[in-house]
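**Student:** With the first letter of the sequence shown counted as 1, position 219 gets the number 218 in numbering that gives the first Met the number 0; the numbers rise by one all the way through.
By construction, the Cβ of each residue, glycine as well, lies at the ideal position given by its N, Cα and C atoms.
Dumping the structure here so I can ask a few things about it.
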Amino acid sequence: MVRSFDIDRHKKATIAALMRQIQDSACNHATSLGVELESFASTPFMTRNNLGWVITSIQMVVDQYPSWRDVLQVDTWTYTVGKNGLANDWVILNDKTGETLVRATNTCVMMNYETRRLHKFVREVRDELACRIVPVEESVVPKNEQRLPRLDFATADSVTSGLTSRWFDLDVNHHVNNVKYVDWILDSVPGSLPEGHELHAMTIEFRKEVAIDTVVHSLSKRNSRAAAAADGNVNGDDHGDFAPVEVDHLLCLEDGSEILRARTTWNPKKKPTL
């Protein structure tokens with residue numbers, strides 16, 4: 000159910016609340032299949048060897064935002080990607096109508112907690128996860144094939160500095176939880192954009208984890224030509240407030256090293272019918 004603390008001023012679930020829904024459902028799914036979890040989807044072998052999953056990318060598409068008190072159904076499944084990757088897909092539906100509201104996918108790789116280095120997807124773990132993994136031909140969200148650009152302070156449209164990771168931002172993997180990154184990404188979105196547009200899709204590519212007491216900068220830049228092309232306007236003419244908008248994002252440390260790159264797509268809000 001969509002709770003009061005999950006909604007915005009329009010009584011719609013926030014993107015962060017939807018991210019929490021899919022994160023929680025993935026862990027519940029693993030538990031329901033008999034996998035004994037000590038961490039986020041860590042198997043007994045992984046726990047004994049200080050291994051855990053880290054997310055390398057997330058894509059979410061919101062077809063319709065659920066409203067306050069809506070009862071939701073979250074379907075999820077897991078499959079392998081390449082030699083060392085694991086992916087999860089989600090579909091969030093309105094439990095009453097069966098309508099698809101949200102689609103999401105992620106890709107994970109294994110990391111050694113002690114060395115903080117990536118680890119191979121070994122046979123022992125594959126055997127433990129065999130009950131979870133299903134054959135999948137196509138993700139519910141087509142994988143992003145576009146290269147996300149690196150932004151810099153000189154060309155960014157908006158910069159929010161001084162964001163700091165705190166103790167309660169950390170998760171069981173001892174780094175900042177992915178939902179917090181969503182908040183930081185949106186911190187640099189100009190306030191005028193959400194007034195006339197609704198966040199429709201988000202792609203995040205992670206490059207570095209963030210520990211406690213780390214200062215983060217959030218940069219955003221409107222991708223006007225991409226938005227125009229998405230609206231069928233190949234000449235890049237300005238459609239004003241009625242055009243879809245793409246915004247590129249970067250989270251970085253004070254030394255400029257990248258935490259993540261992201262892209263958000265915003266659709267014009269529908270005018271209320273009289």
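Based on the DSSP secondary-structure assignment, which residues constitute the bridge partners of residue 200?
**Tutor:** 60, 264
**Student:** Considering only DSSP beta bridges, list what residue 247 is partnered with.
**Tutor:** 220, 262
**Student:** Let me make sure I understand the geometry here. Which of 195, 22, 111, 63 has the alpha-carbon closest to that of residue 96?
**Tutor:** Of 195, 22, 111, 63, the smallest CA-CA separation from residue 96 is found for 63.
**Student:** Among 93, 14, 41, whose alpha-carbon lies nearest the alpha-carbon of residue 264?
**Tutor:** 14
**Student:** Does residue 96 come out as helix, strand or coil in the three-state DSSP assignment?
**Tutor:** coil
**Student:** Helix or strand or just coil, what does DSSP make of residue 180?
**Tutor:** helix
**Student:** Who does residue 153 pair with in a DSSP beta bridge?
**Tutor:** DSSP output for residue 153 lists no bridge partner at all.
**Student:** If contact is defined by three or more beta carbon pairs under 8 Å, each pair taking one atom from either stretch, is the stretch 194-207 in contact with the stretch 162-172?
**Tutor:** no
**Student:** Rounded to whole angstroms, how far is the Cβ of residue 249 from the Cβ of residue 149, which I believe are closer than 8 Å?
**Tutor:** 6 Å
**Student:** Going by Cα to Cα distance, which pick from 255, 20, 167 is closest to residue 75?
**Tutor:** Measuring from the Cα of residue 75, the nearest candidate turns out to be 20.
**Student:** Which residues bound the beta strand (DSSP E) around residue 71?
**Tutor:** 71-80
**Student:** By alpha-carbon positions, which one of 242, 94, 87 ends up nearest to residue 196?
**Tutor:** 242
**Student:** What is the residue span of the alpha helix (DSSP H) that residue 46 lies within?
**Tutor:** 43-47
**Student:** Using DSSP's beta-bridge definition, name the partner residues of residue 11.
**Tutor:** In the DSSP assignment, residue 11 forms a beta bridge with 66.
**Student:** Between the C-alpha atoms of residue 106 and residue 139, what's the straight-line distance to the nearest angstrom?
**Tutor:** 13 Å
**Student:** To the nearest angstrom, how far is it from the Cα of residue 124 to the Cα of residue 81?
**Tutor:** If I take the Cα positions, the gap works out to 15 Å.
**Student:** Measure the beta-carbon distance from residue 218 to residue 158 and round it to whole angstroms, keeping in mind my assumption that it falls under 8 Å.
**Tutor:** 5 Å
**Student:** Could you check how far apart the C-beta atoms of residue 246 and residue 221 are, in whole angstroms? I think they sit under 8 Å.
**Tutor:** 5 Å
**Student:** By Cβ distance below 7 Å, which residues in the same chain neighbour residue 268 in space, the five residues on each side in sequence not counted?
**Tutor:** Result list for residue 268: 195, 196, 197, in chain order.
**Student:** If residue 261 sits next to residue 147, beta carbons under 8 Å apart, how far is it from one beta carbon to the other, in whole angstroms?
**Tutor:** 7 Å
**Student:** Within 8 Å, do at least three Cβ pairs link the stretch 182-193 to the stretch 39-51?
**Tutor:** no
**Student:** In angstroms with no decimal places, state the Cα-to-Cα distance between residue 172 and residue 112.
**Tutor:** 8 Å
**Student:** Which of the three DSSP states is assigned to residue 171 in this structure?
**Tutor:** coil
**Student:** So, are the CB atoms of residue 3 and residue 73 less than 8 Å apart?
**Tutor:** In this structure, residue 73 does not lie closer than 8 Å to residue 3 by Cβ.
**Student:** Beta-carbon within less than 6 Å of residue 60's beta-carbon, same chain only, minus the 5 sequence neighbours each way: which residues are those?
**Tutor:** 102, 140, 200
**Student:** Since residue 93 and residue 77 are thought to touch, with beta carbons under 8 Å apart, how far apart are those beta carbons, to the nearest angstrom?
**Tutor:** Contact annotation, residue 93 with residue 77: C-beta distance approximately 24 Å; criterion of less than 8 Å not satisfied.
**Student:** Taking the alpha helix (DSSP H) that residue 193 belongs to, which residues open and close that run?
**Tutor:** 191-195
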